[in-house]
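The structure appears below as structure tokens.
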Amino acid sequence: MEILYKYYSKLDINYFLNPTIKISYIRKLNDPFESIVNKNIKNEMLGYDATKERNLGKEIQFYSLLSHVGVVSLTETPRNILMWSHYANEHKGICIGYKTNFLDHHRHKIDSILPAFYRPIKVNYDNIRYDPHTDIFQSENRSQLVKKAILKTLITKGDDWIYEKEHRSIIPLSHHDYIQFNSKTNSFEFYQSQFNEIERINTENGFRFKNLTEVDIQMVNEENDLMFMLSINPESIASIYLGCKSDYIDNCLLYKKIKSHPSLSHINVYQASASRERFELDMTPFVNDLDDYIS
Numbered sequence: 001m002e003i004l005y006k007y008y009s010k011l012d013i014n015y016f017l018n019p020t021i022k023i024s025y026i027r028k029l030n031d032p033f034e035s036i037v038n039k040n041i042k043n044e045m046l047g048y049d050a051t052k053e054r055n056l057g058k059e060i061q062f063y064s065l066l067s068h069v070g071v072v073s074l075t076e077t078p079r080n081i082l083m084w085s086h087y088a089n090e091h092k093g094i095c096i097g098y099k100t101n102f103l104d105h106h107r108h109k110i111d112s113i114l115p116a117f118y119r120p121i122k123v124n125y126d127n128i129r130y131d132p133h134t135d136i137f138q139s140e141n142r143s144q145l146v147k148k149a150i151l152k153t154l155i156t157k158g159d160d161w162i163y164e165k166e167h168r169s170i171i172p173l174s175h176h177d178y179i180q181f182n183s184k185t186n187s188f189e190f191y192q193s194q195f196n197e198i199e200r201i202n203t204e205n206g207f208r209f210k211n212l213t214e215v216d217i218q219m220v221n222e223e224n225d226l227m228f229m230l231s232i233n234p235e236s237i238a239s240i241y242l243g244c245k246s247d248y249i250d251n252c253l254l255y256k257k258i259k260s261h262p263s264l265s266h267i268n269v270y271q272a273s274a275s276r277e278r279f280e281l282d283m284t285p286f287v288n289d290l291d292d293y294i295s
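Each residue of the sequence shown is one higher than the one before, starting from 1 at the first, in the working numbering.
Now the structure itself:
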């Protein structure tokens with residue numbers, strides 16, 4: 001059973017009881033090259049015409065399709081010091097180990113135009129974005145070529161990011177389960193006034209569209225407080241790693257709740273600590289002795 005990992009600033013017991021994961025919009029990712037398609041890939045895939053006007057139309061259409069796809073990012077290890085620093089609140093956060101089939105229950109959702117890969121694909125790191133001698137794309141129709149162009153764009157990153165050891169699920173944004181918003185900033189009523197035909201779901205900070213449109217997707221993408229979310233089965237969570245600077249009392253309380261709940265008791269919980277011998281993190285099974293300490 002293969003496990004991949006994701007780093008978070010903070011999670012409480014409510015997350016584990018109803019776990020979700022975010023589909024990240026391409027333009028909100030921290031690598032500026034994510035949303036820039038290599039010109040050789042465009043030339044190869046789009047089948048440019050002799051007239052400049054038709055080329056421009058095809059390019060606009062391609063970028064429109066790209067804006068309707070998101071990624072779920074995971075990594076190969078829970079021991080990456082830089083990942084803890086960058087994505088887990090400077091080692092005060094948490095890292096979750098997910099089984100690689102954690103999105104399999106969504107695999108029935110298919111798309112005739114956009115690529116959809118729910119099993120994570122390993123990212124290729126290379127400062128050359130397209131090599132005509134090795135990147136050979138063949139397909140019977142144009143739509144398949146466009147899918148391959150999008151996939152090639154999303155699973156290739158520069159060598160500077162190789163430390164992340166990233167794996168990605170590639171998912172059309174329309175396949176989301178619901179939209180999550182920052183309840184501290186805006187309310188459901190606020191978004192109800194911004195969008196047509198949305199409905200409240202069983203969480204305080206989420207909603208669904210009754211009839212999702214391309215305009216709705218674009219508006220959600222442009223709003224920093226909104227995120228496309230997918231639901232996950234708690235059984236898909238294999239392990240929890242607690243940051244070496246995380247709060248011990250909070251960790252004990254979370255551990256106790258995890259182990260006492262039937263749907264979560266299978267999860268292995270570990271504590272990260274800074275090694276005294278090497279520049280690396282040691283991971284040991286978490287020990288909850290808070291009750292002994294209090295008594």
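Each residue gets a CB set at the ideal place from its N, CA and C atoms; glycine is no exception.
Which residues in the same chain as residue 10 place their Cβ atom closer than 7 Å to its Cβ, once the five residues preceding and following it in sequence are excluded?
Translated into the one-based positions of the sequence shown, residue 10 becomes position 10. 89, 93, 94, listed in sequence order.
Could you tell me whether the stretch 17 to 32 touches the stretch 225 to 243, where touching means 3 or more Cβ pairs closer than 8 Å?
yes
Compute the beta-carbon to beta-carbon distance between residue 33 and residue 158, rounded to the nearest angstrom, for a pair I have assumed lies under 8 Å.
Counting from one through the sequence shown, the residue named residue 33 turns up at place 33. Counting from one through the sequence shown, the residue named residue 158 turns up at place 158. Confirmed, Cβ separation roughly 6 Å.
Spell out the partners DSSP gives residue 203 in its beta bridges.
Taking the sequence shown and counting its residues from 1, the one referred to as residue 203 is at position 203. BP columns for residue 203 are empty, so no partner.
Report all residues from its chain with a CB closer than 7 Å to the CB of residue 256; omit the five preceding and five following residues, and keep chain order.
Sequence index remark: in the sequence shown, residue 256 carries index 256 (1-based). Hits under 7 Å: 288.
Just checking my contact of residue 75 with residue 165 at CB under 8 Å: how many whole Å lie between their CB atoms?
Residue 75 sits at position 75 when you count from the first residue of the sequence shown. Residue 165 sits at position 165 when you count from the first residue of the sequence shown. With a Cβ gap of about 5 Å, residue 75 and residue 165 count as contacting.
Using 10 angstroms around the beta-carbon of residue 108, count the other beta-carbons present and answer buried if the total reaches 16, otherwise exposed.
Counted from its first residue, the sequence shown places residue 108 at position 108. Burial call: exposed.
4 or more residues per run - each alpha helix (DSSP H) lying fully within the stretch 173 to 221:
188 to 194
Tell me whether residue 37 is buried or exposed, calling it buried when 16 or more other Cβ atoms sit within 10 Å of its Cβ.
Position 37 of the sequence shown, counted from the first residue, corresponds to residue 37. Answer is buried; the Cβ neighbour count reaches 16.
For the beta strand (DSSP E) that contains residue 69, what are its first and last residues?
The residue you call residue 69 lines up with position 69 of the sequence shown. Residue 69 -> beta strand (DSSP E) spans 69 to 75.
Would you list the one or two residues that DSSP bridges to residue 97?
Translated into the one-based positions of the sequence shown, residue 97 becomes position 97. According to DSSP, residue 97 bridges with 5, 239.
Cα-Cα separation between residue 31 and residue 154, rounded to whole angstroms
Here residue 31 is taken as the residue at index 31 of the sequence shown, counted from 1. Here residue 154 is taken as the residue at index 154 of the sequence shown, counted from 1. Roughly 11 Å separates the two Cα atoms.
What first and last residue would you give for the beta strand (DSSP E) that runs through residue 250?
Position 250 of the sequence shown, counted from the start, is the residue given in the question as residue 250. Run containing residue 250: none in the beta strand (DSSP E); it sits in the alpha helix (DSSP H), 248 to 260.
Three-state secondary structure (DSSP) at residue 142?
Residue numbering aside, residue 142 sits at position 142 when the sequence shown is read from its first letter. Looking at residue 142 - three-state DSSP - the assignment turns out to be helix.
I'd like the list of long-range same chain contacts for residue 8, defined as Cβ closer than 6 Å, with 5 residues on each side in sequence excluded.
Within the sequence shown, numbered from 1, the residue matching residue 8 stands at position 8. 93, 94, listed in sequence order.
Using C-beta distances below 7 Å, list every residue in its chain close to residue 186, excluding the 5 sequence neighbours before and after it, in chain order.
Taking the first residue of the sequence shown as 1, we reach residue 186 at position 186. Counting only Cβ-Cβ distances below 7 Å, and skipping sequence neighbours, we find 225.
Take every Cβ of the stretch 169 to 180, pair it with every Cβ of the stretch 123 to 143, and state whether three or more of those distances are shorter than 8 Å.
no
Within the continuous alpha helix (DSSP H) that includes residue 117, where are the two ends?
For the purposes of this step, residue 117 is taken as the residue at position 117 of the sequence shown. Unbroken run through residue 117 is the beta strand (DSSP E), 117 to 122; no alpha helix (DSSP H).
Span of the beta strand (DSSP E), counted from its first residue to its last, around residue 270
The count along the sequence shown starts at 1 and reaches residue 270 at position 270. Residue 270 -> beta strand (DSSP E) spans 268 to 274.
Counted within 10 angstroms of its Cβ, other Cβ atoms place residue 141 as buried (16 or more) or exposed:
Sequence index remark: in the sequence shown, residue 141 carries index 141 (1-based). The residue is exposed, with fewer than 16 neighbouring Cβ atoms inside 10 Å.
Can you pull the DSSP bridge partners for residue 167?
On the sequence shown, position 167 is the one that residue 167 refers to. According to DSSP, which records beta bridges pairwise, residue 167 is partnered with 74, 122.
Residue 120 classed as buried or exposed, judged by whether at least 16 other C-beta atoms fall within 10 angstroms
Residue mapping note: residue 120 aligns to position 120 of the sequence shown, counting from 1. Residue 120 is buried by the Cβ-count criterion.
So for residue 228, helix, strand or coil by DSSP?
Position 228 of the sequence shown holds residue 228. In the structure shown, residue 228 sits in a strand (DSSP, three-state: E or B).
For a quick check, are the C-beta atoms of residue 103 and residue 240 less than 9 Å apart?
Residue mapping note: residue 103 aligns to position 103 of the sequence shown, counting from 1. Residue mapping note: residue 240 aligns to position 240 of the sequence shown, counting from 1. No, the Cβ-Cβ distance between residue 103 and residue 240 is not below 9 Å.
Kindly indicate which three-state DSSP category residue 131 falls into: helix, strand or coil?
Locating residue 131 in the sequence shown gives position 131, where the first residue counts as 1. In this structure, residue 131 counts as coil in the three-state DSSP scheme.
Tell me whether residue 56 is buried or exposed, calling it buried when 16 or more other Cβ atoms sit within 10 Å of its Cβ.
Along the sequence shown, read from residue 1 onward, the residue named residue 56 stands at position 56. Exposed: under 16 other Cβ atoms inside 10 Å.
Tell me which residues share the same chain as residue 250 and place their Cβ nearer than 8 Å to its Cβ, disregarding the 5 neighbours each side in the sequence.
Sequence index remark: in the sequence shown, residue 250 carries index 250 (1-based). Excluding positions up to five away in sequence, the list is empty.
Distance, Cα to Cα, residue 66 vs residue 259?
Residue mapping note: residue 66 aligns to position 66 of the sequence shown, counting from 1. Residue mapping note: residue 259 aligns to position 259 of the sequence shown, counting from 1. C-alpha separation (whole angstroms): 42 Å.
The ligand SAH heavy atoms versus the CB of residue 289: any closer than 8 Å?
Absent from the structure shown: the ligand SAH. Ligands present: none.
Quick one: what does DSSP say residue 157 is sitting in, helix, strand or coil?
Here residue 157 is taken as the residue at index 157 of the sequence shown, counted from 1. Strand at residue 157.
Give me the DSSP bridge partner(s) of residue 24.
Looking up residue 24 in the sequence shown gives position 24. DSSP lists 71 as partners of residue 24.
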